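Before any comments, here is the structure.
In the working numbering, the protein residues as written are 127 to 241.
Given below as structure tokens:
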């Protein structure tokens, strides 16, 4: 579902998932009922492995994961709702795990110009 600001984001994400990631059973239902700030992935407990795999593909943070309380039955789908934090298909929402080590450090007790 598209709950963000980028028009066509959900459709582009489904195309990316199918063509680039091999997730053939993905579909786009439409726009979310309302705009949301953060992307979420709702899933049933028995879909946890698939949800983790999708979250890794999408670069979702752990806070995006919304486990349900009842196991999925039949063809019940997980629901990925793109929020305002979504940057584009294949672009991780999360930042790097740690800062690069080659960053110049400066403390406030010295006048140093950026280079």
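Idealized CB from N, CA, C, for every residue including glycine. Computed from a predicted model, the values in this text were never measured in an experiment.
Can you tell me whether residue i is helix, strand or coil according to DSSP?
| i | result |
| --- | --- |
| residue 172 | helix |
| residue 208 | strand |
| residue 127 | coil |
| residue 180 | helix |
| residue 166 | strand |
Given a cut-off of 7 angstroms on the beta-carbon distance, is the pair residue i and residue j in contact?
| i | j | result |
| --- | --- | --- |
| residue 186 | residue 129 | no |
| residue 142 | residue 215 | yes |
| residue 140 | residue 154 | yes |
| residue 168 | residue 192 | yes |
| residue 144 | residue 183 | no |
| residue 212 | residue 136 | no |
| residue 204 | residue 177 | yes |
Taking the beta strand (DSSP E) that residue i falls in, what are its first and last residues?
| i | result |
| --- | --- |
| residue 149 | No beta strand (DSSP E) contains residue 149, which DSSP labels as neither H nor E. |
| residue 193 | 191-193 |
Would you please state the rounded distance, in angstroms, between the beta carbons of residue i and residue j? I believe it to be under 8 angstroms.
| i | j | result |
| --- | --- | --- |
| residue 190 | residue 161 | The Cβ separation is near 16 angstroms, so there is no contact. |
| residue 243 | residue 198 | Here the chain covers residues 127 to 241 and nothing more, so residue 243 does not appear. |
Looking only at C-alpha atoms, which of the options sits nearest to residue i?
| i | options | result |
| --- | --- | --- |
| residue 96 | 132, 228, 206 | The question about residue 96 has no answer, for the chain in this structure spans 127 to 241. |
For residue i, is the beta carbon positioned less than 6 angstroms from some heavy atom of the ligand FAD?
| i | result |
| --- | --- |
| residue 190 | Ligands are entirely absent from the displayed structure, and the ligand FAD is therefore not among its contents. |
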